[in-house]
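Peer 1: Sharing a structure, written as structure tokens. Questions coming.
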Amino acid sequence: MKHILTSFLLFAGVLTSLSGVAQTKFLNTSWDEVKKTAQKENKLIFVDLYFTGCFPCAQMDKMVFPDPKVSKILNDSYVSFKSDIFKEEIGKKLARKYGVTGFPSFIILDQKGRTIEVVSGFHAIDEFVELLELTKTKAAKREFKSYSKDLEGDYPEFYNDAYLNNNRKMSFEIVDSYLKTQKDLSDEIPFVVIKGLRVGGVYADYVIKNAKELSGKYGKMPVRNYLASIVNIRAKQFSAEDNRTAFNKLLEQVKQMFNHEEWSRFMPGFEKTYKKYAEQ
10 MKHILTSFLL FAGVLTSLSG VAQTKFLNTS WDEVKKTAQK ENKLIFVDLY
60 FTGCFPCAQM DKMVFPDPKV SKILNDSYVS FKSDIFKEEI GKKLARKYGV
110 TGFPSFIILD QKGRTIEVVS GFHAIDEFVE LLELTKTKAA KREFKSYSKD
160 LEGDYPEFYN DAYLNNNRKM SFEIVDSYLK TQKDLSDEIP FVVIKGLRVG
210 GVYADYVIKN AKELSGKYGK MPVRNYLASI VNIRAKQFSA EDNRTAFNKL
260 LEQVKQMFNH EEWSRFMPGF EKTYKKYAEQ
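The opening residue of the sequence shown carries number 10 in my numbering; numbering runs sequentially from there.
Set out below in structure tokens:
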């Protein structure tokens, strides 16, 4: 009996040890310290933006971050940092900077704060490892997005209110008045305002027309996800007007921003939305 108990305790100890090794190390410190650590250790910065109650965020914590393959690449090549976008000031500011709308959102930067990748949503283990490896390659090739390195910026008050105070009660007229004063809608702040607040109308038309350029500057997934939200909004409108031709044209316009696998996932949802409102 004593031998069995000893063996069990040894086995449990091995499991505990392996579990500890497999855990991704997230720094529990200030943003400035994260950047200093990345520079000191010559690593990239991985940011996980989440909120309490987010199911895919919890799934990443439970299923993906503890995986040995994931934890090894993150611990070896990245300084990892988590922040709650509703409870923590740095989380709010990072969400504001990138016009974050989907969760979890992952921001990857180099040691100098230059943005390499912006993605969101649950990623399976192999898919996530591929993303992290690809981002390392992009960093080595100095392939950076066009976001500035500064967290602060000349953001309009309504946009600050949306991200820093979680107050999104604003009229289209207020947003429209601001965007009309902007010389170039492809600049960072006008872009994140349009994307982050899912501004429609002529601004949606602008993003649709310039999707490839904006994708190159700010990342494919942020642009793709914005387009998906616009398709669902306009599906209701075109359905109410019984304008299938306009809906089909819209689908053709945005399809370029989806790969085959993505389109096969999104397209049924677009059709479902159109048909739902056609039946009302």
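For each residue, glycine too, the CB sits at the ideal point set by N, CA and C.
If you're wondering where the values come from, they're calculated on a predicted model, not measured in any experiment.
Where does F137 land, buried or exposed, given buried means 16+ other C-beta within 10 angstroms?
Peer 2: As a working note, residue 137 is residue 128 in the sequence shown. Result: buried.
Peer 1: Among residues of its own chain, excluding the 5 on either side of K284, which ones have a beta-carbon nearer than 6 Å to its beta-carbon?
Peer 2: Taking the first residue of the sequence shown as position 1, residue 284 is located at position 275. Cβ within range, chain order: n/a, list empty.
Peer 1: Kindly give me the distance between the Cβ atoms of V79 and I134, rounded to whole angstroms, as I take these residues to be in contact under 8 Å.
Peer 2: Position 70 of the sequence shown, counting from 1, holds the residue named residue 79. Position 125 of the sequence shown, counting from 1, holds the residue named residue 134. 6 Å between Cβ atoms; contact.
Peer 1: Once you ignore the five residues that flank G100 on each side, which residues in its own chain have a CB closer than 7 Å to its CB?
Peer 2: As a working mapping, residue 100 is identified with position 91 in the sequence shown. Excluding positions up to five away in sequence, the list reads L58, S92, D93, I94.
Peer 1: Is it true that the region 161-180 meets the region 201-212, where meeting means three or more beta-carbon pairs spaced less than 8 Å apart?
Peer 2: Yes, they touch.
Peer 1: Do you know offhand how far V30's Cα is from Y87's?
Peer 2: Here the question's residue 30 lines up with position 21 in the sequence shown. Here the question's residue 87 lines up with position 78 in the sequence shown. Any reading at V30 must be qualified, since the residue scores a pLDDT of 49, below 50, and its modelled position is unreliable; no value is offered.
Peer 1: Compute the distance between the beta-carbons of S114 and F35, then report whether it is under 7 Å.
Peer 2: One-based indexing of the sequence shown puts residue 114 at position 105. One-based indexing of the sequence shown puts residue 35 at position 26. No. Outside cutoff.
Peer 1: Which one or two residues does DSSP pair with K91 in a beta bridge?
Peer 2: Counted from its first residue, the sequence shown places residue 91 at position 82. DSSP lists D57 as partners of K91.
Peer 1: Tell me which same chain residues have a C-beta within less than 7 Å of the C-beta of Q68, skipping the five on either side of it?
Peer 2: As a position in the sequence shown, residue 68 is number 59, starting the count at 1. Counting only Cβ-Cβ distances below 7 Å, and skipping sequence neighbours, we find F131.
Peer 1: What do you get for F256, buried or exposed, if any count of 16 or more other CB atoms within 10 angstroms of its CB means buried?
Peer 2: Reading the sequence shown from its first residue, position 247 is the one you call residue 256. Buried: at least 16 other Cβ atoms inside 10 Å.
Peer 1: Could you give the distance in angstroms between the alpha-carbon of K281 and the alpha-carbon of G62?
Peer 2: To locate residue 281, count along the sequence shown from 1; it is residue 272. To locate residue 62, count along the sequence shown from 1; it is residue 53. Cα to Cα, K281 sits roughly 27 Å from G62.
Peer 1: Along the alpha helix (DSSP H) that carries S86, what are the first and last residues, could you check?
Peer 2: Within the sequence shown, residue 86 is the residue found at index 77, counting from 1. That run of the alpha helix (DSSP H) goes 77-86.
Peer 1: Can you tell me the Cβ-Cβ gap for Y215 and L194, rounded? I've got them flagged as a contact below 8 Å.
Peer 2: The residue labelled residue 215 in the question sits at position 206 within the sequence shown. The residue labelled residue 194 in the question sits at position 185 within the sequence shown. Their Cβ separation, rounded to whole angstroms, is 5 Å, which keeps Y215 and L194 in contact under 8 Å.
Peer 1: Applying the criterion that 16 or more other CB atoms from any shown protein chain within 10 Å of the CB defines a buried residue, is T144 buried or exposed?
Peer 2: The residue you call residue 144 lines up with position 135 of the sequence shown. T144 comes out buried.
Peer 1: Is E152 helix, strand or coil by DSSP?
Peer 2: For this step, residue 152 is matched to residue 143 along the sequence shown. In the structure shown, E152 sits in coil (DSSP, three-state: anything other than H, G, I, E or B).
Peer 1: S186 bridges to which residues according to DSSP?
Peer 2: Taking the first residue of the sequence shown as position 1, residue 186 is located at position 177. In DSSP, S186 forms no bridge with anything.
Peer 1: Under a Cβ-count criterion, where at least 16 other Cβ atoms within 10 Å of its own Cβ denotes burial, should V43 be classed as buried or exposed?
Peer 2: Residue mapping note: residue 43 aligns to position 34 of the sequence shown, counting from 1. By the neighbour-count rule (16 or more Cβ atoms within 10 Å), V43 is buried.
Peer 1: If you pair each beta-carbon of the region 234-250 with each one of the region 262-276, do three or more pairs fall below 8 Å?
Peer 2: Counting Cβ pairs under 8 Å, three or more are found: they touch.
Peer 1: Measuring alpha carbon to alpha carbon, tell me which residue in I54, S248, K192 is nearest T124.
Peer 2: If you number the sequence shown from 1, residue 124 lands on position 115. Comparing Cα-Cα distances from T124 to each of I54, S248, K192, the minimum goes to I54.
Peer 1: How close, in whole Å, do the beta carbons of A220 and V201 come, if the pair is a contact with beta carbons under 8 Å?
Peer 2: Numbered from 1 along the sequence shown, position 211 holds the residue referred to as residue 220. Numbered from 1 along the sequence shown, position 192 holds the residue referred to as residue 201. The Cβ separation is near 16 Å, so there is no contact.
Peer 1: On a Cα-Cα basis, can you pick out the residue from E288, F279, K218, F275 that is closest to E250?
Peer 2: Residue mapping note: residue 250 aligns to position 241 of the sequence shown, counting from 1. Answer by Cα proximity: E288.
Peer 1: Quick one: give me the first and last residue of the alpha helix (DSSP H) that E166 is part of.
Peer 2: By 1-based counting over the sequence shown, the position of residue 166 is 157. Where E166 is concerned, the enclosing alpha helix (DSSP H) stretches over 166-173.
Peer 1: Could you round the C-beta distance between K158 and K192 to whole angstroms and report it? I think they count as a contact, below 8 Å.
Peer 2: Reading the sequence shown from its first residue, position 149 is the one you call residue 158. Reading the sequence shown from its first residue, position 183 is the one you call residue 192. Actually they do not touch by this definition, with Cβ atoms about 22 Å apart.
Peer 1: In the structure shown, what three-state DSSP assignment does F112 receive?
Peer 2: Locating residue 112 in the sequence shown gives position 103, where the first residue counts as 1. If DSSP states are grouped into helix, strand and coil, F112 belongs with coil.
Peer 1: Helix or strand or just coil, what does DSSP make of S248?
Peer 2: Here residue 248 refers to the residue found at position 239 of the sequence shown. Reduced to three states, the DSSP call for S248 is helix.
Peer 1: Please classify R243 as buried or exposed, where buried requires at least 16 neighbouring CB atoms within 10 angstroms.
Peer 2: Along the sequence shown, read from residue 1 onward, the residue named residue 243 stands at position 234. Its Cβ being crowded by 16 or more others within 10 Å, R243 is buried.
Peer 1: Excluding the five sequence neighbours on either side, which residues of its own chain have a C-beta within less than 7 Å of the C-beta of S155, listed in chain order?
Peer 2: Start at 1 with the first residue of the sequence shown, and residue 155 comes out as number 146. Excluding positions up to five away in sequence, the list reads E197, K226, Y227.
Peer 1: What's the gap between the Cα of G162 and the Cα of V109?
Peer 2: Along the sequence shown, one-based indexing puts residue 162 at 153. Along the sequence shown, one-based indexing puts residue 109 at 100. For G162 and V109, the distance between alpha carbons rounds to 16 Å.
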